Every structure is written in C-alpha cells, then in structure tokens.
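Residue numbers (the working numbering): 29 to 220. From the three backbone atoms N, C-alpha and C, an ideal C-beta is built for every residue, glycine too. Since we're looking at a predicted model, the values are computed, not measured.
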Ligand SMILES: [Zn+2]
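Below you can see the structure in the form of structure tokens.
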C-alpha cells in the first residue's frame, strides 16, 4: 500500500505514478482536500473568495497545497484504470483525531469502518478514496517507474527528493520527511 499526503503538484501525473508501481488488484488510499466544501461554497456565494468551488480545476490555496474537485479526482482515477471501492468524507477535526490514533494499519481500519459516508456526495473538507487497480489499469512491469520521482519538496519545490529508506530528503533545502511502512508523510518535518 502507498499513501500519499497532499503536495501533488501535478496530480494526474502523481496518480499515474502510483498506478504504475501497483501490482494487479493493488489498492491505495488517496486522501485529498476537497475544494467543493461547504465553507468554500459559502465564501464564494458571499463574494469573499475569488475561486469557484464548482469547477473541476484544482486550486492552490497555499503554495504547493491543492484542493481538488471530487469529480476531477474520480475522472483521473477512472482514466487510469482504477475502480473506486469506497469514499469517505471527514471534517478537518475528525481527520486530525484519526491521524493521531492511526499511525499504521490504516487500510485494515478503513475496511472495518462502518460509517462510510459520502459515497454519492462529497462536501466535507477532506475526502478519502479507496481505489483498486482494475485489469484496464495494469502496466507492464518494465514500464513501471519510481513514484518518488514526481514528489516535490513541500518546502522549496525542488524535485526529485532523495530516498533514504527511512525518510525522504530534499537535496536543496535539506528538509526531511518520514517514511514508515510505505506511508510517505509530508505533513510534518523530521527534526534534522
Ligand atoms: Zn526543499
């Protein structure tokens, strides 16, 4: 399992790279920030926000941090041969609580979750998608590339990041991010 957190500067390309390194029937969980959330819609209607939450293009709300439209994500996944198995929407508060209690075993946890919400409509700020590679998406082994080559440094934008097994490192600004059990965690810097 691969888990990628935010910072997808070129999202379709990043998703393609995830696809390219998955085995047939491989599963991955994508978490993304949802531009079509109630707060953004309210702000847009009140004229306090320039960007339109209803259009499909991503919005860069902070440098290298993007909000995505759920339909755009679904289209990209479908084009890449993924079937969406489950969709879960969460408030930021619940996401923080979840991440504190859930360093590992996330896939098992998701499968055991009874309350999968948001299968048909997603208007919460955070969306988790469990996607499975179908036959259409299988890429010959020889064409597989390193998923890491599409990550950019969340701090300075440099790429590619250096793979140091236990962590990723930016060769330009020397910032480091943790890797544990196949989870790339760009949310917090490691102490240097
Ligand atoms: Zn950097």
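{"Asked": "If contact is defined by three or more beta carbon pairs under 8 Å, each pair taking one atom from either stretch, is the region 54–71 in contact with the region 87–99?", "Found": "yes"}
{"Asked": "Three or more C-beta pairs closer than 8 Å, one from the region 75–85 and one from the region 173–190: is that the case here?", "Found": "no"}
{"Asked": "Which residues mark the beginning and the end of the beta strand (DSSP E) in which residue 47 is found?", "Found": "Premise fails: residue 47 lies in the alpha helix (DSSP H), 39–48, not in any beta strand (DSSP E)."}
{"Asked": "Can you give me the C-alpha to C-alpha distance between residue 196 and residue 187, rounded to a whole angstrom?", "Found": "11 Å"}
{"Asked": "Is residue 158 closer than 7 Å to residue 57 when the C-beta atoms are compared?", "Found": "yes"}
{"Asked": "To which residues does DSSP link residue 206 through a beta bridge?", "Found": "195 and 213"}
{"Asked": "Name the two residues that bound the continuous beta strand (DSSP E) containing residue 85.", "Found": "No beta strand (DSSP E) contains residue 85, which DSSP labels as neither H nor E."}
{"Asked": "Among the candidates 77, 43, 102 and 110, whose CA atom is the shortest distance from the CA of residue 163?", "Found": "110"}
{"Asked": "Is the CB-CB distance between residue 50 and residue 161 below 7 Å?", "Found": "yes"}
{"Asked": "Please state the DSSP three-state secondary structure of residue 103.", "Found": "helix"}
{"Asked": "Mind listing, in chain order, the residues whose beta carbon lies closer than 5 Å to a non-hydrogen atom of ligand 1?", "Found": "181, 183, 184, 186, 198, 200 and 201"}
{"Asked": "Could you tell me whether the Cβ atoms of residue 189 and residue 203 are closer together than 7 Å?", "Found": "no"}
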